[in-house]
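Numbering of the sequence shown is given in the working numbering, commencing with residue -9 and proceeding in unit increments. One structure is given here, and the rest of the page talks about it.
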Amino acid sequence: MKRVVFIVEGDTEVSFIQKCVIPYLYLKGFTNPMNAQKILTNRKLNKKGGNVGFDYLKNDVARVAATGNVLITTLLDFFRLPVDFPGYTTDSLKLAELETKMKEAISVVMDASCFLPYIQRHEVESLMFTNMDGFNIVVDDEESLRELQHIMDSYPTPEDINGGEETAPSKRLMHIFPYEKTTDGEMILEALCIDDIRTRCPRFNEWMTKLEEGIRNDYF
-9 MKRVVFIVEG DTEVSFIQKC VIPYLYLKGF TNPMNAQKIL TNRKLNKKGG
41 NVGFDYLKND VARVAATGNV LITTLLDFFR LPVDFPGYTT DSLKLAELET
91 KMKEAISVVM DASCFLPYIQ RHEVESLMFT NMDGFNIVVD DEESLRELQH
141 IMDSYPTPED INGGEETAPS KRLMHIFPYE KTTDGEMILE ALCIDDIRTR
191 CPRFNEWMTK LEEGIRNDYF
C-alpha cells in the first residue's frame, strides 16, 4: 500500500485536501496514509507555497518520490500559472495537454508512473461556486448572496467562471465581499460536499476518478 501525497500551492489548498478530500477518500474505503503539503521553494529557509515555477514543483515531486512507496498528485491553480510550465497555454480548455507535458517533463528525472499532475480550472475558488452552502456561512449581506447566486446561474459549471485578471473566481469574491482566502476560503470549502463538487465540476471529477483508480492500482 502506497502513501498518497498531495503537493499544493497554499494553506487553503492544504486545508481543503486534509479536511475534505482525504476524509472523503477514507469514507470510500481507502486506507492509504495520505497528506497534503505545500511546494518547497527554499530548502534553507524552509519556505513553502505560493505561485511558484515549474522547477520548484519538479524538484519537490522528485524529492517526495525519492522517499519511496508513494503516489503524488498536485492541486495547482491555472490562474496566473507561471509561464515556465511545460506546454504553457493561456487556454483553459487545453489543460489536459499541459498536464501531459508536465508528466513528460517529470519522466525525464524519475519514473513518472507515481505522478498525477492536476491543475484546477481556473483556481480553487472555482469549486466554491458549486452551490451556496459555503457562501451562506461567511456572507451575511443578502445583496451579496444574490450576486453570488447570479454568477453561479450564469455559467454552465463553476469551472467555466472565467479567469481574467478581474474576472477570476477569487477576484469576483473580493469584489462582492471582503474575501480572505485563508479564513473564508477554508470555511466555504469545508461546507461543501465532495460529491456535489464532483457533480458540478467536470475537471475536478475527472481528477478524483483518476486519483481513485491510481490508488487502487498503485500507479497512475
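By construction, the Cβ of each residue, glycine as well, lies at the ideal position given by its N, Cα and C atoms.
Applying the criterion that 16 or more other CB atoms from any shown protein chain within 10 Å of the CB defines a buried residue, is residue 175 buried or exposed? Counted from its first residue, the sequence shown places residue 175 at position 185. Under this definition residue 175 is a buried residue.
Is it right to say residue 184 is buried, meaning 16 or more other beta carbons lie within 10 angstroms of its own, or is it exposed? Here residue 184 is taken as the residue at index 194 of the sequence shown, counted from 1. The residue is buried, with at least 16 neighbouring Cβ atoms inside 10 Å.
Whose CA, out of 24, 6, 194 and -4, lies closest to the CA of residue 149? The residue given as residue 149 occupies position 159 in the sequence shown. Residue 149 has its Cα closest to that of 194, out of 24, 6, 194 and -4.
Starting from residue 28, follow its DSSP beta bridges and name the residues at the other end. In the sequence shown, counting from the first residue as 1, residue 28 sits at position 38. Looking at the DSSP assignment, residue 28 forms a beta bridge with -2.
Apply the 10 Å Cβ neighbour rule to residue 2 and answer buried if 16 or more other Cβ atoms are within range, or exposed otherwise. As a first step, residue 2 is located in the sequence shown; it is residue number 12 there, counting from the start. Buried: at least 16 other Cβ atoms inside 10 Å.
Whole angstroms is fine: what's the gap from residue 168's alpha carbon to residue 42's? Against the sequence shown, residue 168 aligns to sequence position 178. Against the sequence shown, residue 42 aligns to sequence position 52. Going by the C-alpha atoms only, they are around 25 Å apart.
Can you give the Cα-Cα distance for residue 18 and residue 80, rounded to whole angstroms? Indexing the sequence shown from 1 puts residue 18 at position 28. Indexing the sequence shown from 1 puts residue 80 at position 90. Between residue 18 and residue 80, the C-alpha separation is close to 35 Å.
Tell me whether residue 131 sits in a helix, a strand or coil according to DSSP, three-state version. Residue 131 sits at position 141 when you count from the first residue of the sequence shown. Residue state, collapsed to three classes: coil.
Taking the C-alpha atoms as reference points, what is the distance between residue 147 and residue 182? Numbered from 1 along the sequence shown, position 157 holds the residue referred to as residue 147. Numbered from 1 along the sequence shown, position 192 holds the residue referred to as residue 182. Cα-Cα distance, rounded: 15 Å.
To the nearest angstrom, how far is it from the Cα of residue 204 to the Cα of residue 93? Stepping through the sequence shown from its first residue, residue 204 is reached at position 214. Stepping through the sequence shown from its first residue, residue 93 is reached at position 103. Roughly 15 Å between the two C-alpha positions.
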